[in-house]
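Student:
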Amino acid sequence: MDAVRGLAKTMFEDGYRFLTMSAVDLGDESLDLLYHYDKDLDLKHYRLTVKKGQAVPSVSPVYFCALLIENEIRDQFGVTFSDIVLDFGGTLYLEDDVRTSPFCKMSVTQIKKEG
Amino acid sequence: MARTILPFGPQHPVLPEPLHLKLTLEDEIVVEAVPALGYVHRGLEKLCEVRDYKQMIQIVERVCGICSCLHALCYCEGIEQMMGVEVPPRARFLRLVWGELHRMHSHLLWLGLFADAFGFESLFMQCWRIRERVMDIMEATCGNRVIVSVNVVGGVRRDLDAGQCAWILEQLAIVEKDLKQIQSTILSDYTVCSRTKGKGVLPKEQALQLGAVGPMLRGSGWAQDARQTGYSAFGEIDFEPVVEQDGDSYARCVVRFREVLQSIDLIRQGIAKLPAGDLVAKAKGMPDGEATTRVEQPRGELFYYIKGNGTKNLDRVRIRTPTFANVPPLLAILPGLELADVPVVVLSIDPCISCTER
Amino acid sequence: MFTMTKNVVRNLLTKSSTRLYPVEVRGHFDGYRGRLDNKIEDCIFCRSCQIKCPSQCITVDNKLGIWECDPYACVYCGICVDACPTHCLSMSKEHRKPTAEKSLIHLQGTPKKKKTATAKPDEAKDAEKAEDAAKPEDADQS
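Residue numbers (my numbering), protein chains in the order written: chain F, 1 to 115; chain E, 116 to 473; chain C, 474 to 615.
(1) Relative to the C-alpha of Asp14/F, which candidate in Lys39/F, Val24/F, Phe81/F, Val50/F has its C-alpha closest?
(2) Considering Cα atoms alone, identify which of Ile517/C, Ile524/C, Cys526/C, Lys525/C is closest to Lys536/C.
(3) Residues of chain E with CB under 7 Å from Phe18/F, in chain order?
(4) Measuring CA to CA, which of Ser335/E, Ala387/E, Ile172/E, Arg248/E is closest to Val271/E?
(5) Spell out a yes or no on whether the segment 173-183 of chain E and the segment 341-348 of chain E are touching, meaning 3 or more CB-CB pairs, one atom from each, closer than 8 Å.
(6) Comparing the C-beta of Phe81/F with each C-beta of chain E, is any distance below 8 Å?
(7) Going by DSSP in three states, Phe439/E sits in which element: helix, strand or coil?
(8) Can you give me the C-alpha to C-alpha distance between Ile174/E and Arg166/E, rounded to a whole angstrom?
(9) Have a look at Gln196/E, Asn259/E, Leu302/E, Leu332/E and flag the residue whose alpha-carbon is nearest the alpha-carbon of Gly423/E.
(10) Please tell me whether Val249/E and Cys257/E are closer than 8 Å, where the distance is taken between their beta carbons.
(11) Which one of Asp515/C, Tyr505/C, Thr476/C, Phe475/C has the shortest CA to CA distance from Thr559/C?
(12) Taking Cβ-Cβ distances shorter than 7 Å, what residues in chain E pair up with Val24/F?
(13) Residue range of the beta strand (DSSP E) that Met564/C falls in?
(14) Between the segment 223-242 of chain E and the segment 424-432 of chain E, do at least 3 Cβ pairs fall closer than 8 Å?
(15) Based on Cα-Cα distance, which residue from Pro544/C, Leu562/C, Leu580/C, Met477/C lies nearest to Thr572/C?
(16) Taking the C-alpha atoms as reference points, what is the distance between Met106/F and Tyr494/C?
(17) Who are the Cβ neighbours of Leu121/E in its own chain at under 7 Å, not counting the five residues just before and after it?
(18) How big is the Cα-Cα spacing for Val554/C and Leu449/E?
(19) Is the CB of Arg492/C under 8 Å away from at least one CB in chain E?
(20) Quick one: list the residues of chain E neighbouring Val548/C, beta-carbon separation under 7 Å, in chain order.
(21) Specify the secondary structure class of Ala396/E as computed by DSSP and reduced to three states.
(22) Note down, in chain order, every chain E residue with its Cβ under 8 Å from the Cβ of His501/C.
(23) Taking the alpha helix (DSSP H) that Met11/F belongs to, which residues open and close that run?
(24) With a CB to CB cut of under 7 Å and the five nearest residues on each side skipped, what residues in its chain are close to Asp274/E?
(25) Which residues, in chain order, does the segment 304-338 of chain E contribute to contact with chain F at a C-beta distance below 8 Å?
(26) Please list, in chain order, the chain E residues whose beta carbon lies closer than 7 Å to that of Pro527/C.
(27) Can you tell me whether Ser364/E is buried or exposed? The criterion is at least 16 other CB atoms within 10 Å of its CB, across all chains shown.
(28) 8 Å is my cut-off, CB to CB: does Arg506/C come that close to chain E?
(29) Buried or exposed: Cys475/C, going by 16 or more other Cβ atoms within 10 Å of its Cβ?
(30) Check the DSSP bridge columns for His36/F and list the partner residues they point to.
(31) Quick one: what's got a C-beta closer than 8 Å to Leu194/F's C-beta in the same chain, skipping five residues either side?
(32) Taking Cβ-Cβ distances shorter than 9 Å, what residues in chain C pair up with Ser264/E?
(33) Which residue from Leu185/E, Cys163/E, Ala348/E puts its Cα closest to that of Gly415/E?
(34) Straight-line CA distance for Glu453/E to Val460/E?
(35) When the Cα atoms are used, what is the spatial distance from Tyr305/E to Ser299/E?
(36) At a CB distance below 8 Å, what residues from the segment 28-42 of chain F approach chain E? Give them in sequence order.
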């Protein structure tokens, strides 16, 4: 888990560009987070499996462009990222009174954290 | 110094689609910009759970109207990668021809809107008039002007015979002549230059780290283009990315204009090398596994991550569109501008918000 | 001022660059996907079009022989035309005119019973074999 930010720093120093993150619901209380990096048309993918409700450190202090995608994954899948540089608090796409995360297959309600 | 917070959008005459930016101003200079998205979110990625993978082609095309053929192409390439289908050479060249026609019509649309953003309406009309000829080519060969639906898993649905190829080349010659006529206006008119040179500069070092793609990246001096990876038939024709060094709105405008001329040349090469053969390869089985594909859309690099699980409904289709990647650089170039320059700079990234929030 | 005169005279003498629309219509190219038509006599109600449609706008009832399509939900992609086994579906290049109310396209055909559905292709095959054999008496008969 802590390797996420360390890996991001290594990639940044090597000159890799942050492409995007994808999230897939694996159906059994866990989610797959994939980080895609690219340098000179050479793609690298890293997979992180997390349990639903677990907090993940954000890579946006290292890569500014990650903030949009982390906010979106938070809205759609209910994954909380700690210290996003510009945090929308779950309101980028969803309204304040929506309780369930649209993409999760199991009907797990997300407790809206404050902030 | 008085600070004002001004909402830019979601309705704005300059924007083709709704985008909301909260601008913090200090006496007309922008200090900070915070985006708010979600006005055209339709939840198309979730439809993959209900529709089967072949019907998803039509849905994915409708993520964005202007670049619809390239969305379908990227999706089909992902499915073909997962199922191990080899696309016949004729279909690959045809996909290249239609993809480049899409790029031309999208850039001409953008050039018109850009001219309209600083009030130059007659240039806007002329650009769109040239674009009509490209739309006629698409209507005659594919059946529809904007959402053409020619890609299927394994190939294409329609063919180009020799008569149609000759007619396309004629029409392209007329388009090229018209473009050369407006070239001097777009690139060296006094109004255009004074409103775009030096505005919204994205420095070369920051462009890559902020995640810029497409003409934004190429306007800042990086020669990176997803077409260099050689998807569809790009591995077999001569292609060099168009690069400018300055990084301001003017550089991005020049990049796009030169890309239109380059697309005409690519289509001519594609039609000249069009091999004979089948149009579709049979696809057996169901998609299983994961695939990632990249395609160069007019606005930048489009990235798809598709996950299948052996049934006809896919597990996940993740689309990362180029405007999604270009919004953080926009937030970085807005501070320091005057309020009157904000619409022109926002338009210079070519915002396609319906792509961003599929 | 003299350049203006040249421009004015040239504009007066050349044709206008716009078309007088309702009076002069350009029409569409062949192959334009304008409107979905179904030749209901040839339809065998196999429901391939209903299964393949991305927007699920076609409903087929094979017992009663009803083919229904919602032209306002249809996206005019043409997948049903490619999927139809008897080629009874086609797209014509004229688009529908605007109307004041929404309506469904509702077509009633004769539902094919199982025996006649298989007999027709067999009869066709027999007729073809007879012609291919090129015997004089068969040629006279067909």
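We treat Cβ as the ideally placed atom computed from N, Cα and C, and that holds for glycine.
Tutor: Taking the structure as given:
(1) Taking each of Lys39/F, Val24/F, Phe81/F, Val50/F in turn and checking the Cα distance to Asp14/F, the smallest one comes out for Lys39/F.
(2) Closest option to Lys536/C, Cα to Cα, is Ile517/C.
(3) Going along chain E in sequence order, the residues near Phe18/F (Cβ under 7 Å) are Gly326.
(4) Measuring from the Cα of Val271/E, the nearest candidate turns out to be Ile172/E.
(5) Judged by pairs of C-beta atoms under 8 Å, the segment 173-183 of chain E does not touch the segment 341-348 of chain E, as fewer than three such pairs exist.
(6) For Phe81/F, the answer is no, since every Cβ of chain E falls outside 8 Å of its Cβ.
(7) Correct three-state label for Phe439/E: helix.
(8) Cα to Cα, Ile174/E sits roughly 9 Å from Arg166/E.
(9) Residue Gln196/E is the option with its Cα nearest to Gly423/E.
(10) Contact flag unset, no.
(11) That would be Asp515/C, whose Cα lies nearest to the Cα of Thr559/C.
(12) Correct list: Lys422, Asp430, Arg431.
(13) From DSSP, the beta strand (DSSP E) with Met564/C extends over 562-565.
(14) Put simply, the segment 223-242 of chain E does not touch the segment 424-432 of chain E. Fewer than three CB pairs are less than 8 Å apart.
(15) When each option's Cα is compared against that of Thr572/C, the closest is Pro544/C.
(16) Caution applies to Met106/F, whose pLDDT of 47 falls short of 50 and renders its modelled position unreliable; the model cannot decide the point.
(17) Cβ within range, chain order: Leu138, Leu140.
(18) Between Val554/C and Leu449/E, the C-alpha separation is close to 50 Å.
(19) Taking Cβ atoms only, chain E never reaches closer than 8 Å to Arg492/C, which makes this a no.
(20) The contacting residues are Gln173.
(21) Correct three-state label for Ala396/E: coil.
(22) Contact of His501/C with chain E by beta-carbon distance below 8 Å involves Glu254.
(23) In the DSSP assignment, Met11/F falls within the alpha helix (DSSP H) that extends over 3-14.
(24) Once the five neighbours on either side are set aside, the close Cβ partners of Asp274/E are Leu394.
(25) Contact annotation: in the segment 304-338 of chain E, residues whose CB is within less than 8 Å of a CB in chain F are Leu323, Gln324, Leu325, Gly326.
(26) For Pro527/C, the C-beta contacts it makes with chain E under 7 Å involve Arg166, Gln170, Gln173, Ile174, in order along the chain.
(27) With 16 or more other Cβ atoms inside 10 Å of its own Cβ, Ser364/E counts as buried.
(28) Cβ-Cβ to chain E under 8 Å: yes for Arg506/C.
(29) The sequence given here has Phe at residue 475/C, not Cys. By the 16-neighbour rule on beta-carbons within 10 angstroms, Phe475/C is exposed.
(30) His36/F pairs with Thr20/F, His45/F.
(31) Any property of residue 194/F remains undetermined from this structure, which presents chain F solely from 1 to 115.
(32) Correct list: Arg506, Val548, Tyr549, Cys550, Gly551, Ile552.
(33) For the residues Leu185/E, Cys163/E, Ala348/E, the minimum Cα distance to Gly415/E belongs to Leu185/E.
(34) The alpha-carbon of Glu453/E is positioned some 11 Å away from that of Val460/E.
(35) Taking the straight line from one Cα to the other gives about 11 Å.
(36) Cβ contacts with chain E come from Leu34, His36, Asp40, Leu41.
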